[in-house]
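Note that my numbering has the sequence shown beginning at 21, numbered continuously upward.
Beta carbons: idealized from backbone N, C-alpha and C, even for Gly.
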Amino acid sequence: MTRIHAGCAAFALLAMTGCASVQYGDKNVEASLKTLAPIAGKASLYVCREPAVWVGAGARSTVIVNDQPIGTLKPNNFAHVALEPGTHGVKVKNSPGGESGILDVTAKAGDVQILWVGITGGGFGTLTVDFFSNRVEAEQCVKKAEYAVPSAQ
Numbered sequence: 021m022t023r024i025h026a027g028c029a030a031f032a033l034l035a036m037t038g039c040a041s042v043q044y045g046d047k048n049v050e051a052s053l054k055t056l057a058p059i060a061g062k063a064s065l066y067v068c069r070e071p072a073v074w075v076g077a078g079a080r081s082t083v084i085v086n087d088q089p090i091g092t093l094k095p096n097n098f099a100h101v102a103l104e105p106g107t108h109g110v111k112v113k114n115s116p117g118g119e120s121g122i123l124d125v126t127a128k129a130g131d132v133q134i135l136w137v138g139i140t141g142g143g144f145g146t147l148t149v150d151f152f153s154n155r156v157e158a159e160q161c162v163k164k165a166e167y168a169v170p171s172a173q
């Protein structure tokens, strides 16, 4: 029985400590981003990670847009990038963990889009990047979260 407890404890510790670290952006920039104001001539893309439990809470998610990392997130964090209008591929890599599929997002100049990223099933499901079910939920995620930037590796 002791081996089972030790194995569970080791797994929990591994799940809570990922290789990727979270680095936070400037608080003045964060305050500005939380207004969700459009950027003239650009598409504004936010990716927000909602609260998670268990295994999902320990993993760090690096958001990648067009093969470039825009932020490493833990629960209650968001990342942001200003993009040229058009279609952009968004995916996420977890540390520890795997990689999501690519979600293609098409945006016009002046658009402000917010995506959800995390692990479904309260942390026991699939690594996912997707659209929020409604705009209010999306905006609340960003407004309650901290701004994260790409971590130095």
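Sub-7 angstroms separation of residue i and residue j beta-carbons
| i | j | result |
| --- | --- | --- |
| Ser171 | Gln43 | yes |
| His100 | Val85 | no |
| Ala127 | Ile59 | no |
| Val132 | Ser64 | yes |
| Val54 | Lys164 | As written in the sequence, residue 54 is Lys, which differs from the Val given in the question. Not closer than 7 angstroms, so no. |
Neighbourhood of residue i by C-beta, 6 angstroms cutoff - its chain only, sequence neighbours within 5 removed
| i | result |
| --- | --- |
| Asp150 | Trp136 |
| Ala32 | Residue placement at Ala32 is flagged as unreliable, the pLDDT there being 39, under the threshold of 50; a coordinate-derived value is accordingly withheld. |
| Val67 | Val83, Ala99, Leu135 and Val137 |
| Ala158 | Ile134 and Phe152 |
| Val169 | Gln43, Gly45 and Gly91 |
| Gly15 | What the structure shows of the chain is the stretch from 21 to 173, and residue 15 is not part of that stretch, so it cannot be assessed. |
| Gly145 | Ile139 |
| Gln122 | As written in the sequence, residue 122 is Ile, which differs from the Gln given in the question. Gly109 and Lys111, listed in sequence order. |
| Gly61 | Ala129 |
Residues that DSSP places opposite residue i in a beta bridge
| i | result |
| --- | --- |
| Ala172 | Ala172 pairs with nothing; no bridge assigned. |
| Ser115 | Arg80 |
Close Cβ partners of residue i (< 8 angstroms) along its chain, the five nearest in sequence each way excluded
| i | result |
| --- | --- |
| Glu119 | Lys111, Val112, Lys113 and Leu147 |
Spatial neighbours of residue i in its chain, beta-carbon cut-off 7 angstroms, leaving aside the 5 residues before and after
| i | result |
| --- | --- |
| Pro71 | Pro95 and Asn96 |
| Arg23 | With a pLDDT of only 41 at Arg23, under the threshold of 50, the placement of this residue in the model should not be trusted, and no figure is reported. |
| Pro105 | Ala63, Ala127, Lys128 and Ala129 |
| Leu56 | Val132, Glu159 and Val162 |
Segments assigned alpha helix (DSSP H), at least 4 residues, entirely inside the segment 40-112: As far as the segment 40-112 is concerned, its whole alpha helix (DSSP H) runs of at least 4 residues are 47-53 and 74-78.
Sequence ranges, beta strand (DSSP E) only - wholly within the segment 130-168, length at least 3: Within the segment 130-168, the complete beta strand (DSSP E) runs of at least 3 residues are 132-139 and 147-151.
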